[in-house]
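Our numbering applies: residue 3 is where the sequence shown begins, and numbers increase by one. For each residue, glycine too, the CB sits at the ideal point set by N, CA and C. No experiment lies behind these values; they were computed from the predicted model shown. Data first, discussion second: the structure below is written as structure tokens.
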Amino acid sequence: MNAPAGIGVALFAAAAFAAGRWAGAGRSPTAPEGAASPAASAAQTAAGAASEATWAEGVKELVEEPPSGRGAEWLARLLAGDADAVGDELEAIEDEVERTGACLEIIAAMGGAAIRALMDTYFGGDDPEAAEGWMDVIGDGAMFAFMQRWAEVDAGGLLSYAKERWATAGEPSADDEESMSAFLVMGAALFVAERHPEQALALADQFGGEMGAELKGMAIHMLARSDAARALGIALATEEMSEVLGYLEFGGARAAEALPLAMAIEDEDVREEVLDQLLEPMFLNDPEGTFELFSNWPNPEEREEWQEKVLTAWTVTDPEAALAALHGLSGDILEAEYVVFFGWAQRDPRAALAAAKGKMNDEEFRWVVGQSVGQLPPSEALGYAEFLSPEAMRGVIGNYLAEDPAAALRWVAEDAEGKIEDHGGLAREAGQRFAAGGAGAVREALALLAPDAGELRAVLIEGAMSALAYNEPLEAQALLAEVPEARRAALAGQLAEGWTERDPAAAVAFALADGAPGAAAAAWKRWALFDPGAAHASMVAASAGDPAALAAAVADADLAGRWARFDPAAAAHAMLDLPVADAAAGEQLATVMAQWVEYDPAAASGFAAAQLAPGPVRDAAVEALANGIASTDPDAAAAWRATLGER
């Protein structure tokens, strides 16, 4: 379960403080009487610097070593009232990681008394701008770093200081982001509760109210990690139990001690929520004992649910022990076995298969195989082919194509009993893979298939065609001759389209000579994407003066729409070569006009007025023109529509 949102107040407060929104001021402090020598503190607390390494990713090497003396020197100058000069020196360090490391050196050198003096600078002085300037230099989260260091060296001192500030500020609310005292108390509780939850609990009782509840929740959260029974007992005895329970996050080997308290919770929903949280560390620390506990659980539905959770966790650490515990039970254990074998197969499929083989019937073992093979190398997985479904075999062979395409293709070719699903899809995928090695590799793949395996051979060539059509079009053309007539048309179009990328004229010549329906249209359509004028000239030559043939070619290749994107004027004039009575020609010209009028309506209108003879082609173009200008010039649109049907 997640902690309530209030636990984040301290972290939010740190960000707010770094942004300079706090009302606290800063004055240059003087070292309090009895303060520890900064240099001595540096020597004593050098190891503590390592714990700060997470404060910035790049400073690990800077803080694992004892402070160089620079941090102790700066700290002494800070306490002597030389904050501005130290800030200037830090700010002059341009590298952010280096500057952060320098700040950490200062923090590592601090004893509790020194930190208190700096706290007074921020919370007790008369110069807020100076404090904000210093914070800008030292970086985001600096105050939290101070408090964390104080909690390490003197937790009691930090709590006392927080209580003093709280009393001075007059108890603001816990969600008051502008409250220095709330910020300080929450920060103190965060770090002290982590190390000394009992002290934090005592502090929470002293505060009471909303802030006290926040502090108690934080302390319980930390306490539950080491003493689950005590934390749960405190939570259950709290007046606002439902709120405090949200902080619980149990851990440690003693979690089972809290189980009687959890089971006694009367509210069923709360009990289930607490048990769910409590049992997780029990699963991890003592799965055998927890499993035995639930073997005798009185509620059969809860028993099954919790045993499954125990087995899931136990399988991670010792699946053999979990399986042995299962077999010690009476009754039907098959469902529970599935839980163990599922987790086991994901972590160690070979061990799971070895444990299941001979101990389960064929159907049960088939299930274990299905969970395991995805984790095995395909060649090894195929050793269990007799237990695999056609769908699973298809998946294994698909993976095998990446490992050893030739061996995988042999499986496809030799699958006379139909153990594999989607032979054609696998053959097409094989063709794609072999095509990476060129036409020679594709021919080697075809040699693995029987001469009478016409369908498989055709789809393998189909899979290879896209790559070969671009890289080796003549070789692709030769392979096309091996494809049955029924599949040639589609592959001829694919070859023509790919070939066009390298040599559009040769691609069109192949398509026209081959006579495959649609192949020439595929080549012209591709050609029109990068050189529509040349594609049109090729169509004109191929039509040999037959306007109807030209109109069909233009329509099939979508030449008008593709050309209009480049040069609508040229496209429109080219459409004038089409038969004026041809409805398909009218559609092509209308397509051009619809695009042209969008960005140059005057030019489109001028073309329509000067170039178009009466007839279906003109009517289609005028309709597109009128539609395009209707929103900006409705009168002109109406005038154009009035000319429709003129002869």
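**Asked** Do A258 and M224 come within 7 Å of each other at the CB atom, strictly closer than that value?
**Response** no
**Asked** With A469 and L497 assumed to form a contact (beta carbons below 8 Å), what rounded beta-carbon distance in angstroms separates them?
**Response** A469 to L497, Cβ: 11 Å. No contact.
**Request:** Starting from M362, trace the alpha helix (DSSP H) both ways and give me its first and last residue.
**Result:** Neither: M362 is in no alpha helix (DSSP H) and is coded neither H nor E.
**Item:** Boundaries of the alpha helix (DSSP H) in which G397 is found, first to last residue
**Value:** P392 to E405
**Request:** Keeping to the same chain, check which residues put their C-beta closer than 7 Å to that of T593; ignore five residues upstream and five downstream.
**Result:** A562, G563 and A566
**Request:** Select from P351, R459 and A509 the residue whose C-alpha is nearest the C-alpha of A524.
**Result:** A509
**Request:** Helix, strand or coil for E419, going by three-state DSSP, please let me know.
**Result:** coil
**Prompt:** For A449, does the three-state DSSP call read helix, strand or coil?
**Reply:** helix
**Asked** Using the beta-carbon count (16 or more within 10 Å), is G495 buried or exposed?
**Response** buried
**Asked** How is the alpha helix (DSSP H) around Y472 delimited, first residue to last?
**Response** G456 to N473
**Message:** In whole angstroms, give me the CA-to-CA distance for A492 and A521.
**Reply:** 8 Å
**Item:** Buried or exposed by the 16-neighbour rule on C-beta atoms within 10 Å, applied to K218
**Value:** Looking at its Cβ environment, which holds 16 or more other Cβ atoms inside 10 Å, K218 is buried.
**Message:** Just to confirm the assignment, what range does the alpha helix (DSSP H) spanning F296 have?
**Reply:** P289 to S297
**Prompt:** Just the Cα atoms here: how many angstroms apart are E303 and V341?
**Reply:** 16 Å
**Request:** Would you kindly report the start and end of the unbroken alpha helix (DSSP H) that includes V485?
**Result:** For V485, there is no enclosing alpha helix (DSSP H), as DSSP marks it with neither H nor E.
**Item:** Same chain, Cβ closer than 6 Å to A574, five either side skipped, listed in chain order
**Value:** V594 and F609
**Message:** Could you tell me which whole alpha helix (DSSP H) segments of length 4 or greater appear in the segment 187-248?
**Reply:** Counting only runs of 4 or more, we get 199-209, 211-225, 230-238 and 243-247.
**Prompt:** Do three or more CB pairs link the segment 412-423 to the segment 448-468 at distances below 8 Å?
**Reply:** yes
**Message:** What would DSSP say about L578, mapped onto helix, strand or coil?
**Reply:** coil
**Asked** Which of the three DSSP states, helix, strand or coil, is assigned to F285?
**Response** helix
**Asked** In terms of residue numbering, what span does the alpha helix (DSSP H) encompassing T317 cover?
**Response** It spans P302 to T319 - the alpha helix (DSSP H) in which T317 sits, taken as one unbroken run.
**Request:** Look at the alpha carbon of Y163 and the alpha carbon of D156, and state the distance between them as a whole number of angstroms.
**Result:** Each residue's Cα considered, the two are about 11 Å apart.
**Request:** Measure the beta-carbon distance from A622 to G588 and round it to whole angstroms, keeping in mind my assumption that it falls under 8 Å.
**Result:** 3 Å
**Asked** Who are the Cβ neighbours of M577 in its own chain at under 8 Å, not counting the five residues just before and after it?
**Response** V556, A562, A587, Q590, L591, V594 and V619
**Prompt:** Would a C-beta distance cut-off of 7 Å place N363 and P380 closer than the cut-off?
**Reply:** no
**Best match in T645, D320 and E393 for proximity to P616 [C-alpha to C-alpha]** = T645
**DSSP-derived helix/strand/coil call for T502** = It is helical.
**Message:** For a test of the three-state rule: what should DSSP assign to S633, helix, strand or coil?
**Reply:** coil
**Asked** What residue does the alpha helix (DSSP H) around R435 start on, and which one ends it?
**Response** H425 to A437
**Request:** Have a look at A449 and A554 and give me their C-alpha separation to the nearest angstrom.
**Result:** Those two C-alpha atoms are separated by around 41 Å.
**Item:** Neighbourhood of A628 by C-beta, 6 Å cutoff - its chain only, sequence neighbours within 5 removed
**Value:** Excluding sequence neighbours, A628 sits near A639, W642 and R643.
**Item:** P262 - DSSP class collapsed to helix/strand/coil
**Value:** Helix, per DSSP.
**Request:** For S540, count neighbouring Cβ atoms within 10 angstroms of its own Cβ and tell me buried if that reaches 16, exposed if not.
**Result:** buried
**Asked** P380 by DSSP, collapsed to three states: which one?
**Response** helix
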